[in-house]
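A.B. asks: Order-wise, the sequence lines are chains Y, R, A, B, Z and E. Positions 163 to 399 (this note's numbering) are the ones given, in order, by the first sequence. Positions 163 to 399 (this note's numbering) are the ones given, in order, by the second sequence. Positions 163 to 399 (this note's numbering) are the ones given, in order, by the third sequence. Positions 163 to 399 (this note's numbering) are the ones given, in order, by the fourth sequence. Positions 163 to 399 (this note's numbering) are the ones given, in order, by the fifth sequence. Positions 163 to 399 (this note's numbering) are the ones given, in order, by the sixth sequence. Each residue gets a CB set at the ideal place from its N, CA and C atoms; glycine is no exception.
Protein chains: 6
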Amino acid sequence: MRIQVVNPNTSAAMTETIGRAAAAIAGPGVEVRTTCPSMGPASIESHYDEALSVPGLLAEIASAPADGYVIACFGDPGLEAAREFADGPVIGIAEAAMRTAACLGRGFSVVTTLDRTRGRAWDLAHRYGVAGFCRGVSACDVPVLEVEAAVDAVAAACRTAVAADRSDVVVLGCAGMTAQRAEIERRVGVPVVDGVQAAVLQVESLVRMGLRTSAAGEFAPPPPKPYSGPLEPFTTT
Amino acid sequence: MRIQVVNPNTSAAMTETIGRAAAAIAGPGVEVRTTCPSMGPASIESHYDEALSVPGLLAEIASAPADGYVIACFGDPGLEAAREFADGPVIGIAEAAMRTAACLGRGFSVVTTLDRTRGRAWDLAHRYGVAGFCRGVSACDVPVLEVEAAVDAVAAACRTAVAADRSDVVVLGCAGMTAQRAEIERRVGVPVVDGVQAAVLQVESLVRMGLRTSAAGEFAPPPPKPYSGPLEPFTTT
Amino acid sequence: MRIQVVNPNTSAAMTETIGRAAAAIAGPGVEVRTTCPSMGPASIESHYDEALSVPGLLAEIASAPADGYVIACFGDPGLEAAREFADGPVIGIAEAAMRTAACLGRGFSVVTTLDRTRGRAWDLAHRYGVAGFCRGVSACDVPVLEVEAAVDAVAAACRTAVAADRSDVVVLGCAGMTAQRAEIERRVGVPVVDGVQAAVLQVESLVRMGLRTSAAGEFAPPPPKPYSGPLEPFTTT
Amino acid sequence: MRIQVVNPNTSAAMTETIGRAAAAIAGPGVEVRTTCPSMGPASIESHYDEALSVPGLLAEIASAPADGYVIACFGDPGLEAAREFADGPVIGIAEAAMRTAACLGRGFSVVTTLDRTRGRAWDLAHRYGVAGFCRGVSACDVPVLEVEAAVDAVAAACRTAVAADRSDVVVLGCAGMTAQRAEIERRVGVPVVDGVQAAVLQVESLVRMGLRTSAAGEFAPPPPKPYSGPLEPFTTT
Amino acid sequence: MRIQVVNPNTSAAMTETIGRAAAAIAGPGVEVRTTCPSMGPASIESHYDEALSVPGLLAEIASAPADGYVIACFGDPGLEAAREFADGPVIGIAEAAMRTAACLGRGFSVVTTLDRTRGRAWDLAHRYGVAGFCRGVSACDVPVLEVEAAVDAVAAACRTAVAADRSDVVVLGCAGMTAQRAEIERRVGVPVVDGVQAAVLQVESLVRMGLRTSAAGEFAPPPPKPYSGPLEPFTTT
Amino acid sequence: MRIQVVNPNTSAAMTETIGRAAAAIAGPGVEVRTTCPSMGPASIESHYDEALSVPGLLAEIASAPADGYVIACFGDPGLEAAREFADGPVIGIAEAAMRTAACLGRGFSVVTTLDRTRGRAWDLAHRYGVAGFCRGVSACDVPVLEVEAAVDAVAAACRTAVAADRSDVVVLGCAGMTAQRAEIERRVGVPVVDGVQAAVLQVESLVRMGLRTSAAGEFAPPPPKPYSGPLEPFTTT
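(1) Between residue 344 (chain B) and chain Z, is any beta-carbon pair separated by less than 9 angstroms?
(2) Chain Z beta carbons: is any one of them nearer than 9 angstroms to that of residue 211 (chain E)?
(3) Taking residue 349 (chain B) as the reference, which of B:375, B:319, B:361 and B:371 has the closest Cα?
(4) Helix, strand or coil for residue 270 (chain A), going by three-state DSSP, please let me know.
(5) In terms of residues, what are the limits of the beta strand (DSSP E) holding residue 296 (chain B)?
(6) For the beta strand (DSSP E) containing residue 220 (chain A), name the first residue and the last one.
(7) Is it true that the stretch 224 to 237 of chain A meets the stretch 250 to 258 of chain A, where meeting means three or more beta-carbon pairs spaced less than 8 angstroms apart?
(8) Are residue 204 (chain E) and residue 387 (chain Z) close, meaning C-beta to C-beta below 9 angstroms?
(9) Tell me which residue opens and which closes the beta strand (DSSP E) that residue 193 (chain R) is part of.
(10) At the level of alpha carbons, what is the spacing between residue 335 (chain R) and residue 246 (chain E)?
(11) Exposed or buried, what is residue 314 (chain E) when buried is set at 16 or more other beta-carbons lying within 10 Å of its beta-carbon?
(12) For residue 202 (chain E) and chain Z, any beta-carbon pair shorter than 9 angstroms?
(13) Once the 5 residues before and after residue 293 (chain R) are set aside, which same chain residues still bring their CB inside 6 angstroms of it?
(14) From the DSSP secondary-structure annotation, give me the bridge partner or partners of residue 328 (chain A).
(15) Return yes when the Cβ of residue 227 (chain A) is within less than 9 angstroms of the Cβ of residue 249 (chain A), no when it is not.
(16) Is residue 206 (chain A) helix, strand or coil when you go by DSSP?
(17) Which value, in whole angstroms, describes the spacing of the CA atoms of residue 133 (chain B) and residue 385 (chain A)?
(18) For residue 290 (chain B), I'd like the list of residues in its chain whose CB is within less than 8 angstroms of its CB, leaving aside the five on either flank, ordered along the chain.
(19) To be precise: take each residue of the stretch 253 to 286 of chain Y, compare its Cβ to all Cβ atoms of chain R, and keep it if any distance is under 9 angstroms. Which residues remain?
(20) Given that residue 218 (chain B) touches chain A, what residues does it touch there, using C-beta distances under 8 angstroms?
(21) Suppose you measure from the CA of residue 283 (chain Z) to the CA of residue 278 (chain E); what does that come to, to the nearest Å?
(22) Kindly indicate which three-state DSSP category residue 373 (chain E) falls into: helix, strand or coil?
(23) Should the stretch 353 to 369 of chain Z be regarded as contacting the stretch 363 to 374 of chain E, the criterion being three or more beta carbon pairs within less than 8 angstroms?
(24) Could you tell me how far apart the beta carbons of residue 323 (chain A) and residue 332 (chain A) are, in whole angstroms, since I believe they sit closer than 8 angstroms?
(25) Output needed for residue 343 (chain Z): all residues of its chain with C-beta closer than 6 angstroms, excluding positions within five of it in sequence on either side, in chain order.
(26) Starting from the beta carbon of residue 383 (chain Z), find every residue of chain B whose beta carbon is closer than 8 angstroms, and list them in chain order.
(27) Answer with buried or exposed for residue 174 (chain Y), where buried requires no fewer than 16 other C-beta atoms within 10 angstroms of its C-beta.
(28) Looking at the structure shown, is residue 276 (chain A) part of a helix, part of a strand, or coil, going by DSSP?
(29) Whose C-beta lies closer than 7 angstroms to the C-beta of residue 229 (chain B) among residues of the same chain, with five residues either side of it excluded?
(30) Rank A:358, A:219, A:241 and A:329 by C-alpha distance to the C-alpha of residue 377 (chain R) and give the top, closest one.
(31) List, in order along the chain, the chain E residues whose C-beta lies closer than 7 angstroms to that of residue 375 (chain Y)?
(32) Any idea if residue 380 (chain B) is buried or exposed, counting beta-carbon neighbours within 10 angstroms, 16 or more meaning buried?
(33) Give the DSSP-derived three-state secondary structure of residue 340 (chain A) in the structure shown.
(34) Please compile the residues from chain A whose C-beta is within a distance smaller than 8 angstroms of the C-beta of residue 163 (chain R).
(35) Measuring only between beta-carbons, confirm whether residue 247 (chain R) sits less than 9 angstroms from chain Y.
(36) Could you confirm whether any beta carbon from chain Y is found closer than 9 angstroms to the beta carbon of residue 293 (chain E)?
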């Protein structure tokens, strides 16, 4: 079984961190390949960045046939588009993390990077039906590309959030926090969920069950369509 | 006052139709300019198309300073990204049409083009808070680029929807139906709302009131960021 | 085009203030006429006042044929009744203000007059589908007829609300605040929406599009009915 | 204990029917007095009628001191206004009937008179928090003042509704159906709830427990206020 | 008329307190019998306790034919199971208390015993459709079997909750608080609802109206089934 | 790693079927042990059966230390109680199946055994936050203990449901259908999710990530408590 993990920003360092975490959690016999696009934003910290990360992300998925795919950015960019044409199931890390957290307690707190990304996290909580479990979304105020080195700031924000939200579980709101899971759990004292790991295992589970996105309706392959300009390579046939 | 209407697909014919409808409804002293991107899909009929229309759409908005902007595709692609950096307020036609319809009766029916776009319309109804007014979303099963010439099929689908949904109002679910509003209203016998017109007037109203997207938090301009590859022109500073 | 704005309380001074704001925002060629009833409460500060303002409001609408109507009290009293028999579309200022604010940010704060009116504002937020955008409703604790002169208190309450609710936009929760919009926006630093202006422009837009309340079902003219006692003039035929 | 039941329309015959049902269900030692206003609509079949029934209803409540009050029209007109100033608890028959039905099964069907009143019933189901129990609202298409004599039509509509909605319980959607409860239950075969009876017993229960509307905030007595014109008698001091 | 009140824990003292309150509120001619099971937990303070109280509770209901039943624990354990086979209507005290409170103001506060029971109270508020009225659930941090003697702690928690939640009404969140209702109301100054009383009167009202759980579908008697082990007595035929 | 799967009814045959499916899907190195209680109902087809299955289920979990637990009945009986005291994470098959299905399409259909169990499935869909994905719940009208042999009836019900609900995915609504997944998928043509497999893999994933139910609040071990009668063995210390 091969799982393709795509970090939708163009940071090689962050891609490597994600790749290590993903490979470490996958089951025996599962090959994990982690890549990032050659086009798009260096990091994703706004709706603008998120929207513009999608072409690169889709290009990565199209070029790397696998049994299943993970989108490793907490905004889950391009998830629905990817589901229409990917060869296997596609899971976003926010989706996997928040649904996992909902099995572990009455309510969870999400801790993201910049304050402006909080709205997107709430939108996703509503989309995935877990808003009733989400007690709060807060930010550690560290930019995405610096978050890996900022375990103290992240842990502090998690501790504050658990107390303020009276929550039972923490959800790490950025792929760049993936290596900090165990340490933060140790410091905060409640279960801490990392979406990269959760998504890899969710994809692995789906593949093992022989399940993938339904092609019966909305997520059937996109109708053939010419694309023009720099996006011409996206033409579907 | 100048309003920029962007048709996010690359069809010149459809852009012209939209432009005529937009210009016709705008108030005295309002200049309406309607354009479409040079890159992206010929029409938008999937999540894939919608995601890939966004770079072209954003490029259009960035290159054409105006007092306010309309996104003229019923999926409202790129709406949140556009709000972060546009010079004035931005309104999507689904947003404008569905909110307008909610003022005119107990419930409305949306009629879209292809069946697979129904899910997106429901998502937007939820996002804009009008799901309680939305009695149903149905499709006329005509592709986007043929819908302008298919008034009979659209009207028939509207009539069927109003009866099945027991609704009071129809919302046209594609910018390509804009020229059919009056004719369909005549045939169906209930108010019919066209999002292109509704969005132009909503933007005009906002500009007249001196209102634009709040820059206080989530929709502040995106943080400076290098972009690479074919998307390098989107670099923010 | 003629738009009739009805202030449902009997205060002439407040009617004049509303009239000035309404006339100032209307487009070229739009005649705005603002009136108030000769019967009913001097101001509306309870469910009791609101219920008892409706006969006077409906009498005003019935006696003044126009292309569209605005109900200029933030409780939107009598809105559904007015829609059943008015000659054109009818918009309440809470409806217009809250829907407008929902286009300008992630969340808005409503600031009303007396604390006891907060519940009604929440009810309307739910009715119009914008409760998800409404971050809070607070009161400036100034009675309706004194609010026009109390810009400092209103502005202070708005500033406090924006901070406490972490909201992006302010909605003025009383028609008597209409003249303060620009000044409060200047002081608070986020977009401030006034429902009088928003409703006038919404009605103007509907009329321009040829749209009015659907008469297909619930909002058809009321069945003929004898009325007795002091309400006999409301008999429908 | 004295309970005042107010039929908010001016029909003496219907008031008598309601009065008989109310008196029959009240417990030993409970005096039930049923009246109707001298002003207002002959029956309530629209938002217009409902709004205009409120002054007469409030006048009845103000002039007849009692331990508790029932508003005997399925639209529950004036409920919140009445709660602000009545001497004891106030219950609407839709409120009582729908909350009672929610204790008796998974879902109930409401059967009203005219089709145009269906929207109001849904609004109340949402307001009272029982929309999740409400499987459907349908109409028997008999005007309010003829419904008492139309048991066959009402029963037929109830039978159809239970089958179509797959519901367990019927709620009678008009005070004029009160005398038909047992007969319809016999014919339809599921529990049938009449709001007049349910509301009388709910008020009796509240009075026995010493409970009435909280005066702590929103429902405190309305602030003193001059009223003018024919509504001058409503002036509060 | 005979009403059976079941305290689902095995505490005789608490059963006696509940029995006194229940008998005191019932109408003339209503016999109230209050019992507790011989098997199960001494008190109910966790999901574990609640689940394991159900066999004893159901045995009590099965062995004591009555016209209606009250489940006198604020978690409403076994309510749906009891409705399937009881001879008459069954009401839980959380259900009765929260629905009663929703008639008395804009919002209520629930005050429970241990903090860990708060989640269950919220679940029930959602199930009964009153979550929109529930402004908060807080705990007085007194174990169930000590709460009767702890009126000061309960009253203090109620006062704090009303202020923090800005609510109009208090709901007592444990059957053991039933004797404290009047005293707490006196101290806190807003209506205080006790579920034991509310549930007895709700059952009495249902019986008087001739209403009981619908046997039309989900709540029909359970299909015949052999039970084994210590639960063999529950075998249905 | 050891996973304990508990079939909460006492049928040995059904337990064996479940055990085969569970063992077949578990990853390398995972030992799956499947048992059923010695006390309780032969099958679970009512709220009564479900409530009375819980003591046996909890006894099984208490007596078989493992790294994680699956509750293999689509009503997820005793899930919250089990989470309070089990040594590792606990997942119900309805929870796992419905959350898995929500990743595979816009909407799913649940197909259960008897019609009367439909309400419970909807309750769980709401509890887990997936009601927005659940397009319908229907029954194949085959009793639980006969469903394994009734693949034709189950498949027919699934086909009908997918067409009627316009759904993309099927969720098998009984553990007894576990062996039919692939065959039904073949016949119906959309992804079919079996909760037994999904739950085993969900538990395996949680264990691999080092995650278990939060003991921070509501799901901490139950307070020490004496139990009496036949339930005395459940005493906690």
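C.D. replies: Taking the geometry as given:
(1) yes
(2) yes
(3) B:319
(4) strand
(5) 296 to 301
(6) Element bounds for residue 220 (chain A): not the beta strand (DSSP E) but the alpha helix (DSSP H), 209 to 225.
(7) yes
(8) yes
(9) 193 to 197
(10) 49 angstroms
(11) exposed
(12) yes
(13) 287
(14) For residue 328 (chain A), which the question treats as bridged, DSSP gives no partner whatsoever.
(15) yes
(16) coil
(17) Lying before the first or after the last residue shown, residue 133 (chain B) is absent from chain B, which here runs from 163 to 399.
(18) 256, 257, 260 and 261
(19) 276, 277, 278, 279, 280, 281, 282 and 285
(20) 391 and 393
(21) 26 angstroms
(22) coil
(23) no
(24) 7 angstroms
(25) 354 and 356
(26) What residue 383 (chain Z) touches in chain B: nothing, since even the nearest Cβ is about 14 angstroms away.
(27) exposed
(28) coil
(29) 163, 164, 165, 250 and 369
(30) A:329
(31) 266 and 267
(32) buried
(33) helix
(34) Going along chain A, no residue has its Cβ under 8 angstroms from residue 163 (chain R), so there is no contact; the nearest lies around 11 angstroms.
(35) yes
(36) yes
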